[in-house]
Every structure is written in structure tokens, then in C-alpha cells.
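The structure appears right after this line, and notes come after that.
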Amino acid sequence: MKTDFGILPIILVAALPLLGASDNNSGWENLMHVTKQRSYTIVTRDFHCLTGKFGSVTTDSLTLEAPKIGVINLKRADVLQVGSDPGYIVFSGRSSWVDVVSYHLYAGESFAIQTKNGKNFGGKHIKVSDSGVSLGEPGNTTSIAKAEVSKIDLHSSTPLGGGEEFFLRENPVIFWLDAHLWPRWIGIGGRIRVPLYDSSLPEDDRPITCQNSR
């Protein structure tokens, strides 16, 4: 379960620009920068699910070290989605409105929305439904129909390594003592951008159901 680390860090993260956010178009580059000290689940395009730790990641392939199986080589073209417990998406290889609708934003995460007329919106207070997007606080909202949306990206923090996650879980009040943790909660580094929806691409809203998990 993701942890809410308090109001102050959330406000600071939301108030500052996403310094260090990935500037790539597809999100694949995220995989080259995330920690290798934790496990990830990869969903292939034929809906097979593989869980393990990254070995190497290149511009067109990756290796996954899966328990009881060994090293698995995967081509980028065969990867549909890469995620990390508890619920992070670090790469999506499809344009899916359903993925946006079903994603729950946690502390430090936000959506960035670009409309077809070139306007940009962003923030945490965004609700996405089957028909469109609602932004803002109750009583002061802006609605955007799905037909008007060009792109939606997820802005998130990179998953923590095992040691960092343990320290944060055991010491939630003094996380600022860890040199790797406190910068990310004030918006410095540790940020990724995950494209989830692009109206210029074929929409793939098939439910992700593992045919077999390994």
C-alpha cells in the first residue's frame, strides 16, 4: 500500500515544477533510470505477466531476472506495461483511456492533460470518467470532453529501492534524514513522466488480465 507522508510534503511537491522529469516521448527511458533494487511486473502484449528485477535496459530491449526462471530477454515491442507494487506504472506501451480512468493518484502524483486546441492542464485534483475529464475543486471545476483531449501523462515519483522503502516505512516522520528521500518530496529529482493516452494512436482498452503469471 502506498503511504501518505503528510500534508507538507504533498503541498511542496504539488507547488514545484517537475524538476528532473523524463523528457522522452514514449516513457521507455524511465526503465533506464528506475532502481534495480526492487521487483517489477511486466505485462507482455500477449498478456503474460513476468515478475523480477531488471538486469539491463537498452533503447529496444530489457532483461528481467525472474525467481525460479532465470534471465528473460524481452524486446521493447513485446512489452505492454511495466509496473511496480504497490500500484506504480512506470511504462505503458499503449494508448488507453481505461488505464487513466482506473488509475488512482497518490501523494506526489498528478496528471498532465493536453487538449487538441493546444491548452495544457495539470494537477492532482483531476477526475477522469468514461466521457471526459473534470478539473478543480468542488464548486469550481472545468470539464473537458474526451473528444477534446489530445494526451494524458502521469507524473509520478520513481519507485524507491528496497532499503529506502524500508527506511521510509520504519521512519515516516524523519524521512528527511535520508539523502535520497527528502529531495524527491520537494520536487527535486526522482520524477518520471508516463504517457498513458494519446488520441493520435489506436486506443487499446482491453482489460489487463494475466494469462499466466511467472
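The opening position of the sequence shown corresponds to residue 709 in my numbering, with each subsequent residue numbered one higher. No residue lacks a Cβ here, since even glycine has one placed at the ideal position from N, Cα and C.
Item	Value
Simplified DSSP state of R784, which is helix, strand or coil	helix
C-beta atoms of E773 and V779 nearer than 7 Å	yes
Under the three-state DSSP convention, the category S810 falls into	helix
For H741, the first and last residue of its enclosing alpha helix (DSSP H)	N738 to H741
Endpoints, the beta strand (DSSP E) within which F762 is located	H756 to V765
Close-in-space but distant-in-sequence residues of the same chain around F762 (CB under 8 Å, 5 per side omitted)	L739, V742, K744, Y748, L770, T771, L772 and E773
Which of helix, strand or coil DSSP assigns to E878	Below a pLDDT of 50, predicted positions are generally treated as unreliable, and E878, at 43, falls in that range; the measurement from the model is reported next regardless. In the structure shown, E878 sits in a helix (DSSP, three-state: H, G or I).
Chain-order list of residues whose beta-carbon lies under 7 Å from that of D913 (same chain, five-residue window excluded)	S804, W805 and V806
Simplified DSSP state of I916, which is helix, strand or coil	coil
Local conformation of E817 per DSSP, three classes	coil
Exposure label - S800; buried when at least 16 CB within 10 Å	buried
Close-in-space but distant-in-sequence residues of the same chain around L904 (CB under 6 Å, 5 per side omitted)	S800, D807, V808, I860 and L862
When F819, R746 and S858 are compared against L843, the one with the closest alpha-carbon	F819
Cβ pair D793, R753 closer than 7 Å	no
Of the listed residues E817, W736, D906 and I852, nearest to S858 (C-alpha basis)	D906
Beta-carbon proximity of I916 to V798, cut-off 7 Å	no
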